[in-house]
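Enquirer:
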Amino acid sequence: MDTNDLVNVKKVSSKTIVNSYEIHSCKTPMEELKPIKFCDMKVPMIYKGNYLVCKVVGKSFARICTRVGIHDLNDNFAIVDLYNFRYNLDDVEWISPGTILIIKEPCVQDVLQNELKAIDIFSPTDVIFVDPADAEFLDKIVAKKWYESVSKDAEVWKNEANELFKAGKYDKALFLYERAIRCNCENPVLYLNKSMTCLKTGAFYIAYESAKHGLEKGGDREKALYRMGQAAYGVREWRKAADHFLEVLKEFPANKLASTELKRATSRLSEQKNGKFNFKSIFGESKKEKAELDVADYKGPIEIANIPGKEITEQLFTPSSILQYARTMIELQKNPQKAKELYNLYSGDDTVTNNEIPFGIVDAFRIENICHFNCFSHPDKDGQNSVYLHIPSSYFNHSCLANAFNSFHGDVLVIHAAADIKKGEEICLSYGSPCTAYSERRNNLKLGIWNFQCNCELCEIDANDKLCSKRDQMFEEFAEYVEANRNYPQKVISKCEQILKKIRETYVKRPQFQIRLFIKLSPMYYIIGNLFKSMEYLEEALTLMDGPFKYGLDISLICANLSVWYAQNGNIEKAKEMIQKALKYSFCTDMEHFKMLFPDISLL
65 MDTNDLVNVK KVSSKTIVNS YEIHSCKTPM EELKPIKFCD MKVPMIYKGN YLVCKVVGKS
125 FARICTRVGI HDLNDNFAIV DLYNFRYNLD DVEWISPGTI LIIKEPCVQD VLQNELKAID
185 IFSPTDVIFV DPADAEFLDK IVAKKWYESV SKDAEVWKNE ANELFKAGKY DKALFLYERA
245 IRCNCENPVL YLNKSMTCLK TGAFYIAYES AKHGLEKGGD REKALYRMGQ AAYGVREWRK
305 AADHFLEVLK EFPANKLAST ELKRATSRLS EQKNGKFNFK SIFGESKKEK AELDVADYKG
365 PIEIANIPGK EITEQLFTPS SILQYARTMI ELQKNPQKAK ELYNLYSGDD TVTNNEIPFG
425 IVDAFRIENI CHFNCFSHPD KDGQNSVYLH IPSSYFNHSC LANAFNSFHG DVLVIHAAAD
485 IKKGEEICLS YGSPCTAYSE RRNNLKLGIW NFQCNCELCE IDANDKLCSK RDQMFEEFAE
545 YVEANRNYPQ KVISKCEQIL KKIRETYVKR PQFQIRLFIK LSPMYYIIGN LFKSMEYLEE
605 ALTLMDGPFK YGLDISLICA NLSVWYAQNG NIEKAKEMIQ KALKYSFCTD MEHFKMLFPD
665 ISLL
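Going by my numbering, the sequence shown opens with residue 65, and the numbers climb by one from there.
1) Can you tell me the Cα-Cα spacing of Glu227 and Asp155, whole angstroms?
2) Per DSSP, Thr130 forms a beta bridge with which residues?
3) Could you name the residues of the same chain whose beta carbon sits closer than 7 Å to that of Lys645, not counting the 5 residues immediately before and after it, in chain order?
4) Tell me the start and end of each unbroken alpha helix (DSSP H) in the region 468-511 that is at least 4 residues and wholly inside, in chain order.
5) Between the Cα of Leu564 and those of Met660, Tyr545, Pro422, spot the shortest distance and give me the residue it belongs to.
6) Hey, out of Arg535, Leu509, Lys351, whose CA is closest to Tyr571's CA?
7) DSSP on Val628, reduced to helix/strand/coil?
8) Tell me the rounded alpha-carbon separation between Val628 and Pro575.
9) Can you tell me whether DSSP reads Leu256 as helix, strand or coil?
10) Work out the CA separation of Phe239 and Pro252 for me, nearest whole Å.
11) Kindly identify the DSSP beta-bridge partner or partners of Ala182.
12) On the DSSP bridge list, what partners appear for Val117?
13) Return the residue from the list Thr130, Leu180, Thr189, Thr163 that minimises the CA-CA distance to Phe429.
14) Given this structure, state the Cα-to-Cα distance separating Ile479 from Leu326, to the nearest angstrom.
15) Assuming Leu116 contacts Pro170 (C-beta within less than 8 Å), just tell me the rounded distance between them.
16) Is the region 335-342 close to the region 313-322, with three or more CB pairs under 8 Å?
17) Quick one: which unbroken alpha helix (DSSP H) runs of 4-plus residues sit fully inside the region 200-264? Chain order, please.
18) Give the straight-line distance between the Cα atoms of Asp664 and Ala631, rounded to the nearest whole angstrom.
19) Could you check the C-alpha separation between Lys724 and Glu604 for me, to the nearest Å?
20) Where does Pro422 fall in DSSP's three states?
21) Residues bridged to His462 by DSSP?
22) Going by the DSSP bridge assignment, what does Pro663 pair with across the sheet?
23) Do Trp210 and Ile164 count as a contact pair if the criterion is CB distance below 9 Å?
24) Pick out whichever of Tyr111, Phe102, Val107, Lys101 has its Cα sitting closest to the Cα of His88.
25) Does the separation of the CB atoms of Asp427 and Tyr459 fall below 9 Å?
26) Determine the contact status of Ile455 and Leu409, defining contact as a CB-CB distance below 9 Å.
27) So, for Ser471: in the same chain, excluding its five sequence neighbours on each side, which residues have a beta-carbon less than 6 Å away from its beta-carbon?
28) Between which two residues does the alpha helix (DSSP H) holding Pro553 run?
29) Name the two residues that bound the continuous beta strand (DSSP E) containing Ile525.
30) In the DSSP assignment, what residue or residues form a beta bridge with Pro99?
31) Taking all protein chains shown into account, do 16 or more other C-beta atoms lie within 10 angstroms of the C-beta of Val359, making it buried, or fewer, making it exposed?
32) DSSP three-state call for Leu387: helix, strand or coil?
33) How is the beta strand (DSSP E) around Phe193 delimited, first residue to last?
34) Mark Thr130 as exposed unless 16 or more other C-beta atoms lie within 10 angstroms of its C-beta, in which case mark it buried.
35) If Ile134 sits next to Val120, beta carbons under 8 Å apart, how far is it from one beta carbon to the other, in whole angstroms?
36) Give the list of continuous alpha helix (DSSP H) stretches no shorter than 4 residues that lie fully inside the region 629-656.
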């Protein structure tokens, strides 16, 4: 791979998880669990091998979870906190008084006054919601006392569910469609309606299976095939989606929606195969409110080697080639078929084997650890960090002098090659700036969340450099002095030149790393009003920006700023030169795209 190659793109929505002494997820099949009641739950612990049947009492309210009161079959009460059931923590209408729950392997966190239990639930698959009209199932769990006699007419529940669907109350509509199916399991319309409802909630796996059942039971072929195509598209199975839309058009050529969806699926297939993306369009879309870009995953000639966590290239790449482009949003409960690739990621303990997790089970503890070690973060429009999980890119290891560089476009993560990468060479990202002091870099990696020691080229040079700690100390003192004396520019300049000379002397045997010095000094001169000196150091930094430094230090932004400064000072030719460099290093497809990234340039 060569410098400037695109390596990667991706997002994941973050959920709030509260630390617990143990975040538990039940992996035991329901049929192997035995019933338990509050009177048998004497102490705080996880009651493995058991299930609790309970009913919600009173309204729920939002904390950093959804809190509800419940009572069991003996009418004893408890408090339950449900984590990770909704992205919107203010949404408490999804669970209401009278809701019957089965809590698998309940985790009692505390026993309060009057033996009131406090239960935490972290995995959404640890709860089964029970229809009070399902007499057969209630009898099975010995909860027939909560049975509610209602109409057995499937049409009644279908019509009520239809009204809820029209009102946008998809969860409640789904509940009634499932009740209707129990009343008449041979009506294909019910399965097709259930499929449409699941499409609205993003439960694409169930949507596909429901549409398939509807088709098998003689339902409307046009609707069934179209919804199967939509569901396949939702789980990013572009070929399957295209095949279904094509099948619709062959049988129903007047279906304009299928024609449109076929074009979309075909575009995704092309992106997936060739790695050709409209980055200008992606950037424009990324600026929209709550942008979620519709692009395919692309994986070029790379492989995950047998050495755990090592990803290497299979061929030489050039600056214009794309290694990998991916954007995946995995919601395991709704789309359980995608779980395996997530669970294969590092979760904090190399000695623990990836035990087979039953299909459809959300292992909250493992997911929390996977996100802890593998997530990327990037400031959103409000300045808050958004958390992104990209599975293929999580296999890229760290190097302070990385050969790949990442950037964000809304909910899309893009990774380019920052240097030429030969066949068989490992692809690495940097978890921090190469300009950070060696001791700080080392501590961040070893004592932070990653817990490893970096042995990259830069760290080895710093470790063997006897002047390294002295230099870092001078940098720190220099920064503190500037901060303390920012209102006395002449005093700062005088002190600056003295320290500058000493710092330069420590770089005699490693001049290529002086870039750290120049990047540090330039903004300090800018702060004290010496713009010419500030630009001088930026220019000097540019002469040393080769290989991974180009992107680790945001060379495109530096060049863009220099172009503005040169233009303002009448040096138009130099300004044009800097614009061309900024254009080259920003991976823009044309000048219009470039000006979208750097709007100040359009004023020149």
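All C-beta atoms in this analysis are idealised placements derived from N, C-alpha and C, irrespective of residue type, glycine included.
Expert: Taking the coordinates as given:
1) Distance between the alpha carbons of Glu227 and Asp155 is about 21 Å.
2) Bridge partners of Thr130: Ala126, Leu146.
3) For Lys645, where only same-chain residues beyond five positions count, the Cβ hits under 7 Å are Cys623.
4) Whole alpha helix (DSSP H) segments, 4+ residues: 502-510.
5) Of Met660, Tyr545, Pro422, the residue nearest in Cα terms is Tyr545.
6) For the set Arg535, Leu509, Lys351, the Cα lying nearest the Cα of Tyr571 is the one of Arg535.
7) Helix at Val628.
8) Distance between the alpha carbons of Val628 and Pro575 is about 28 Å.
9) If DSSP states are grouped into helix, strand and coil, Leu256 belongs with the helices.
10) Their Cα atoms are separated by approximately 17 Å.
11) Ala182 pairs with Ile143, Asp174.
12) Ile166.
13) With distances taken between Cα atoms, Phe429 lies closest to Thr189.
14) When rounded, the distance between both Cα atoms is 29 Å.
15) About 5 Å separates the beta carbon of Leu116 from that of Pro170, a gap short enough to meet the 8 Å contact definition.
16) Short answer: they don't touch.
17) Here the runs fully enclosed are 218-230, 234-247.
18) So the alpha carbons of these two residues sit roughly 11 Å apart.
19) Lying before the first or after the last residue shown, residue 724 is absent from the chain, which here runs from 65 to 668.
20) Pro422 falls in the coil class under three-state DSSP.
21) Residue pairing by DSSP puts His462 in a beta bridge opposite Leu493.
22) The partner list for Pro663 (beta bridge, DSSP) is empty, contrary to what the question assumes.
23) For Ile164 and Trp210, yes; Cβs fall inside 9 Å.
24) With distances taken between CA atoms, His88 lies nearest to Tyr111 out of Tyr111, Phe102, Val107, Lys101.
25) With respect to the 9 Å criterion, Asp427 and Tyr459 are not classified as neighbours on the basis of their beta carbons.
26) Less than 9 Å separates the beta-carbon of Ile455 from that of Leu409.
27) Setting aside the 5 residues that flank it on each side, Ser471 is surrounded in the same chain by Val478, each with a C-beta closer than 6 Å to its C-beta; the list follows chain order.
28) Pro553 -> alpha helix (DSSP H) spans 553-569.
29) If you look at Ile525, you'll find it isn't in any beta strand (DSSP E); it sits in the alpha helix (DSSP H) that goes 521-527.
30) Answer is Tyr115, bridged to Pro99.
31) By the neighbour-count rule (16 or more Cβ atoms within 10 Å), Val359 is buried.
32) Any reading at Leu387 must be qualified, since the residue scores a pLDDT of 37, below 50, and its modelled position is unreliable; no value is offered.
33) Boundaries of the beta strand (DSSP E) harbouring Phe193: 191-194, taken from the DSSP string.
34) Thr130 is buried by the Cβ-count criterion.
35) Right, the Cβ-Cβ distance comes to about 6 Å (below 8 Å), so this counts as a contact.
36) The region 629-656 is shown to contain whole alpha helix (DSSP H) runs of 4 or more residues at 636-649, in chain order.
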